[in-house]
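Take a look at the structure set out below.
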Ligand code: PGA
């Protein structure tokens, strides 16, 4: 099993004005410095706070990501943002296919795949989100749903260097309910098995980081991160609390 450096990514969603974003980013940068070489850190503010986060993290060992991008590099798409624009600012990551975008904006697997391909074209790493709803889990369809999303959302030719997967059970997002480490590990292992089929280059699927997301916080992070195929976390609510986010980062670097 190749060593995969854990990645802790903060998804701030539609929160933070620039001043607060700068302060939160600076705190994340300090926490990242304390685990340098053992864990990586990324914060994903809303578009309007990207510049503040980037400025606060100048010289710090933490990256900045956006929460969405358009598939095209430019054009008549009012209100959208191209991956190239994010890369030019200094972003390193972009989240694509978060369940809130799949639900709020009707994003399909094909749309998510096009966005992930755009991220790679621009030199960004895409954090591609998948996850089942409660009804799907209760119907025993978790693995089938996640497999369909992985097959449909990960672009052809994806490599570990430009792709991170986030498994986020929809019923666990923002609810305080977390998948048990064993349940999450089972889905992560299935995702990696599917990637082993779909990522053609040898060794890529084994090197891809698969993050868990959904009410991950200081008191459950260590247990989740101890699982063999859980390579970090995509943290929503707890990433808006500097102390809680630092504690999750510390757990990843332990
Ligand atoms: P949560 O959000 O940690 O608040 O559950 C995770 C996410 O939606 O990325």
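Numbering (the numbering used here), first residue to last: 446 to 699.
Glycine included, each C-beta is placed from N, C-alpha and C at the ideal position.
Just so it is clear, the structure is predicted and the values come from calculations on it, not from any experiment.
If you follow the alpha helix (DSSP H) that residue i is in, where does it begin and where does it stop?
| i | result |
| --- | --- |
| residue 643 | 626-643 |
| residue 595 | 587-598 |
| residue 683 | That residue, residue 683, is in no alpha helix (DSSP H); it is neither H nor E in DSSP. |
| residue 557 | 554-567 |
| residue 665 | 663-670 |
| residue 651 | 649-652 |
| residue 532 | 528-534 |
| residue 580 | 579-583 |
Taking only the alpha-carbon atoms, compute the straight-line gap between residue i and residue j and give it to the nearest angstrom.
| i | j | result |
| --- | --- | --- |
| residue 511 | residue 591 | 23 Å |
| residue 575 | residue 595 | 7 Å |
| residue 681 | residue 455 | 6 Å |
| residue 446 | residue 520 | Because the pLDDT at residue 446 is just 43, under 50, the model does not fix this residue reliably, and the value given afterwards should be weighed accordingly. Answer to the nearest angstrom: the Cα atoms are 43 Å apart. |
| residue 577 | residue 600 | 20 Å |
| residue 664 | residue 453 | 15 Å |
| residue 588 | residue 551 | 22 Å |
| residue 654 | residue 470 | 22 Å |
| residue 464 | residue 637 | 39 Å |
| residue 608 | residue 458 | 20 Å |
| residue 571 | residue 642 | 19 Å |
| residue 556 | residue 573 | 12 Å |
When you compare the CB positions of residue i and residue j, do they come within less than 9 Å of one another, or not?
| i | j | result |
| --- | --- | --- |
| residue 597 | residue 558 | yes |
| residue 489 | residue 564 | no |
| residue 509 | residue 499 | yes |
| residue 467 | residue 497 | yes |
| residue 480 | residue 697 | yes |
| residue 502 | residue 482 | no |
| residue 561 | residue 542 | yes |
Along the chain, where does the beta strand (DSSP E) that runs through residue i open and close?
| i | result |
| --- | --- |
| residue 462 | Where residue 462 is concerned, there is no enclosing beta strand (DSSP E), given that its DSSP letter is neither H nor E. |
| residue 548 | Unbroken run through residue 548 is the alpha helix (DSSP H), 544-549; no beta strand (DSSP E). |
Discussion item. Check whether the segment 645-661 and the segment 617-626 touch, using three or more Cβ-Cβ pairs below 8 Å as the test.
Written reply: Taking a cut-off of 8 Å on C-beta distances, the segment 645-661 touches the segment 617-626, as three or more cross pairs fall below it.
Fill in: Stretch pair the segment 639-646 + the segment 681-692: three plus CB contacts closer than 8 Å
no
Discussion item. Which runs of the alpha helix (DSSP H) at least 4 residues long sit entirely within the segment 468-522? Give them in chain order.
Written reply: Correct list: 495-501.
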